[in-house]
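Visitor: Submitted below is the structure of interest, expressed as structure tokens.
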Amino acid sequence: MSGQFLSEEQRDALQEVLNISMGQAADVLARLIQTQVQLSIPSVKQSSRQDFIGCLKEPVQQHLAQQSFLGELSGEMISLMTDNGNEAIAKLMHYDTPLPEQDRQELLLELTNILAGACLHGLISQLNFKIQLAAPVLFNPASLCSEQLNWQQALLMEVQFQIPETSFHARILICLKQDSLYPLMHHLDMLLQ
Amino acid sequence: MIDEQLASQLIRQLPIGACLLTPDYTIALWNDFFAERLQMPVEQTLGRNLLELFPDQARFLKRKLDSVFILKNTSFSYWEQRPHIFQFKSTRPVTGQEELMYQNMEIVPIFNDEGQISHLFLAITDATTTASYSIALRQAHSQLEDEHKAQAELIRKLEEAQNQLLQAEKMASIGQLAAGVAHEINNPIGFVSSNLETLQHYCQSLVQALDFAGQLLAKHPSAELASNYQQYKTQHNLDFLLQDMPELITESLEGTGRVMSIVKSLREFSHVDSTEWKETSLIDGMESTLRIINNELKYKATIHKDYQEQMPLVYCQSMQINQVFMNLLLNAAQAMEQPGDIYIRISTAGDFARISIRDTGTGIAPQHLTKVFEPFFTTKPVGAGTGLGLSLSYSIIQKHQGKLSVTSPAGQGAEFVIQLPLLATPKE
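Protein sequences appear in the order of chains A and B.
40 is the number that my numbering gives to position 40 of the first sequence; each next residue is one higher, with no gaps.
Take the position in the second sequence, starting the count at 1, then add 193; the result is the number in my numbering.
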């Protein structure tokens, strides 16, 4: 499947929705950890399988977690974090440092749930979707190869979080397959009318 | 429609732990799953503060509940990271090995009509079966990995053993070659040496004869004859020649002496008669070994010898014992990072001959002391040592009904002590 998923207007609308929802996400996050949080401008792009895998298998030593959502809109979110600033964020989250391995994993899952949850929450509340979140799980992309994926193109929405004064940095990807796009386009069109 | 009674019965009997909290952590609902498994009936918990009831988990629970409250999103906890939030007894008391139930937890926000969070719903699901399978799988995996490592190690040892065999074969051929060469050299060096000795006598006589001739000429009336002789002497540098000739011969004799001693050592060392049991002087054996490996030792260590006088002979396989001396001395030299000292002491101790070889090298780590005599144990870099030298030495000394022991006080190098029975009988 080739060609563009979204029309230019739909893409602009989605971008706008994302901008607003990420702003809200940053706001609640800042309240939760009582610290200022910086966000990148969210990006929306269409991705091939190779690009998608390439983006997960970056050479940097990073940890990944995956969280599914289902309901009127279904897809997956993937969080990518390094160990940088791990201790700093752990302190903000009231964990005891240094982190034992189990706590490090728990923190990764917790952060995934919080960041991904916050992003998605903004998105779906503006577009009026009802969804359910599944538990986040640790994810190892090493065994992932493009032949195993049963899709050609997907829509990736990406936002990056940073906490000033620490080296903490996280990327959140919201991934939608083509069949999940129709409800999204439908809701975007309603928004555009 | 479901009436309230049915709903509450349904909740009570849910096959998951269900607990409803108000935003100030007060328990508003506590179903049977919680009540029965924790032995905490509803009347004991309703209206109580959850964090106060479970002080051990209070910090974790508060963090979770607060994040749900602020983010208005469901929060999760997974058995892998936090297996036992509540001390539920295992659901498999008969067939399972686990004491406590593995749990997954979800905390879901409940909204009122104004969109505010009115309650937090805490749900616990039993993950014991999954967890135990997953843990068993992981254990099996790590066991497989260990076995794989052990196999790899075994293969490495086999390779080393093969290398060692090849090396041994090579050494054996070199030994035979050395013995052959030594034999071949022995004859010519024998007559060269004896001829040189004869030449030394001839030379002395010749010098005396020339001296005598000089004296006679000096007394002769014809001054011309004396001056001719003097002129000839000066022209041909005869004085120097006469002075240097005996020295040359002496040096050559020393040289042949050294060649002969090396040949002797080589013959002694080659395995031609290595299994022969005989009355042996340990001191001679040590000296012969030292000569052989002189090149290995001379830049690394100063040798200090302390031999007991009138050391009795020991009935042993001398070549094998020399092999042990060589292994220990080479190890001592290899233990030196900087030039150091090797102290050799040969004495009697009771019914035993005692040979001690002590070095000032890096010593042996305490955890390695019990292993140094094991075959294939080596701390040398791959390829530098076979790990067989000491185990071979150990078995040789055992065959002699003796003892080989080692001590290594921290920071003081290592001392190997060989004890050989003085009254040994040959052992087949």
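Beta carbons: idealized from backbone N, C-alpha and C, even for Gly.
Does any residue of chain B bring its CB to less than 8 angstroms from the CB of A:E106?
Guide: The residue given as residue 106 of chain A occupies position 106 in the first sequence. Answer yes: the Cβ-Cβ gap between A:E106 and chain B drops below 8 angstroms somewhere.
Visitor: In this structure, does DSSP put B:N524 in helix, strand or coil?
Guide: On the second sequence, residue 524 of chain B is found 331 positions in, with the first residue counted as 1. Here B:N524 sits in helix by DSSP.
Visitor: Between the C-alpha atoms of B:D534 and B:N430, what's the straight-line distance to the nearest angstrom?
Guide: What you label residue 534 of chain B is simply residue 341 of the second sequence in a count that begins at 1. What you label residue 430 of chain B is simply residue 237 of the second sequence in a count that begins at 1. Their backbone Cα atoms lie some 48 angstroms apart in a straight line.
Visitor: Comparing the C-beta of B:L264 with each C-beta of chain A, is any distance below 8 angstroms?
Guide: Within the second sequence, residue 264 of chain B is the residue found at index 71, counting from 1. So, interface residue.
Visitor: Report yes or no: do three or more beta-carbon pairs, one from the region 235 to 243 of chain B and one from the region 77 to 89 of chain A, lie closer than 8 angstroms?
Guide: no
Visitor: Near B:T572, what residues of its chain come up, given a Cβ to Cβ distance below 7 angstroms and the 5 sequence neighbours on each side ignored?
Guide: In the second sequence, the residue the question calls residue 572 of chain B occupies position 379. Around B:T572: H561.
Visitor: If you measure from the beta carbon of A:R31 to each beta carbon in chain E, is any gap under 8 angstroms?
Guide: The chain labelled as chain E is not found among the protein chains of the depicted structure, namely A and B.
Visitor: Using a beta-carbon distance below 8 angstroms, is A:M157 in contact with chain B?
Guide: If you number the first sequence from 1, residue 157 of chain A lands on position 157. By this cut-off, A:M157 is not an interface position.
Visitor: Ordered along the chain, which non-local residues of its own chain (more than five positions away) have a Cβ less than 6 angstroms from that of B:K265?
Guide: Indexing the second sequence from 1 puts residue 265 of chain B at position 72. Excluding sequence neighbours, B:K265 sits near P302.
Visitor: Compare the beta carbon distance of A:L29 and A:I89 with 8 angstroms and say whether it is the shorter of the two.
Guide: Counted from its first residue, the first sequence places residue 29 of chain A at position 29. Counted from its first residue, the first sequence places residue 89 of chain A at position 89. Pairing A:L29 with A:I89 gives a Cβ-Cβ distance that is not under 8 angstroms.
Visitor: Residue range of the beta strand (DSSP E) that B:G210 falls in?
Guide: Within the second sequence, numbered from 1, the residue matching residue 210 of chain B stands at position 17. Taken as a continuous stretch (DSSP letters only), the beta strand (DSSP E) holding B:G210 covers 210 to 214.
Visitor: B:R650: which of B:S474, B:E273, B:E236 sits nearest, CA to CA?
Guide: It is not possible to answer for residue 650 of chain B, since the shown part of chain B is limited to 194 through 621.
Visitor: What did DSSP end up calling B:F609 once you bin it into helix, strand or coil?
Guide: In the second sequence, the residue the question calls residue 609 of chain B occupies position 416. Strand.
Visitor: Decide yes or no for the touch test of the region 26 to 42 of chain A against the region 180 to 191 of chain A: beta carbon pairs closer than 8 angstroms, at least 3 of them.
Guide: Pairwise C-beta distances place the region 26 to 42 of chain A out of contact with the region 180 to 191 of chain A, as fewer than three of them are shorter than 8 angstroms.
Visitor: Among the candidates B:S386, B:V400, B:K493, whose CA atom is the shortest distance from the CA of B:L446?
Guide: Within the second sequence, the letter at position 253 stands for residue 446 of chain B. Minimum Cα distance to B:L446 is reached at B:S386.
Visitor: As an exercise, report each continuous beta strand (DSSP E) stretch of at least 3 residues that is fully enclosed by the region 278 to 319 of chain B, in chain order.
Guide: 296 to 304, 310 to 319
Visitor: Roughly how many whole angstroms lie between the Cα atoms of B:I557 and B:G582?
Guide: Position 364 of the second sequence, counted from the start, is the residue given in the question as residue 557 of chain B. Position 389 of the second sequence, counted from the start, is the residue given in the question as residue 582 of chain B. If you take the alpha carbons of B:I557 and B:G582, they lie about 15 angstroms apart.
Visitor: Given 8 angstroms as the limit, is there contact between the region 90 to 102 of chain A and the region 142 to 150 of chain A, that is, 3 or more CB pairs closer than that?
Guide: No: fewer than three Cβ pairs fall under 8 angstroms.
Visitor: Tell me whether A:E110 is buried or exposed, calling it buried when 16 or more other Cβ atoms sit within 10 Å of its Cβ.
Guide: The count along the first sequence starts at 1 and reaches residue 110 of chain A at position 110. Classification for A:E110: buried.
Visitor: Any chance the region 36 to 48 of chain A sits against the region 95 to 102 of chain A, with 3 or more Cβ pairs inside 8 angstroms?
Guide: no
Visitor: Apart from the five residues just before and just after B:R460, which ones in its own chain have a Cβ nearer than 8 angstroms to its Cβ?
Guide: For the purposes of this step, residue 460 of chain B is identified with residue 267 of the second sequence, where counting begins at 1. These residues qualify, in order along the chain: A372, A375, H376, N379.
Visitor: Beta carbon of B:I550, beta carbon of B:L522: below 8 angstroms?
Guide: Taking the second sequence and counting its residues from 1, one reaches residue 550 of chain B at position 357. Taking the second sequence and counting its residues from 1, one reaches residue 522 of chain B at position 329. A contact, by the Cβ cut-off of 8 angstroms.
Visitor: Below 8 angstroms, how does it come out for the region 280 to 289 of chain B and the region 222 to 235 of chain B: are there three or more Cβ pairs, yes or no?
Guide: yes
Visitor: Where A:F5 and A:L188 are concerned, what is the direct C-alpha to C-alpha distance, given to the nearest angstrom?
Guide: Sequence index remark: in the first sequence, residue 5 of chain A carries index 5 (1-based). Sequence index remark: in the first sequence, residue 188 of chain A carries index 188 (1-based). About 13 angstroms.
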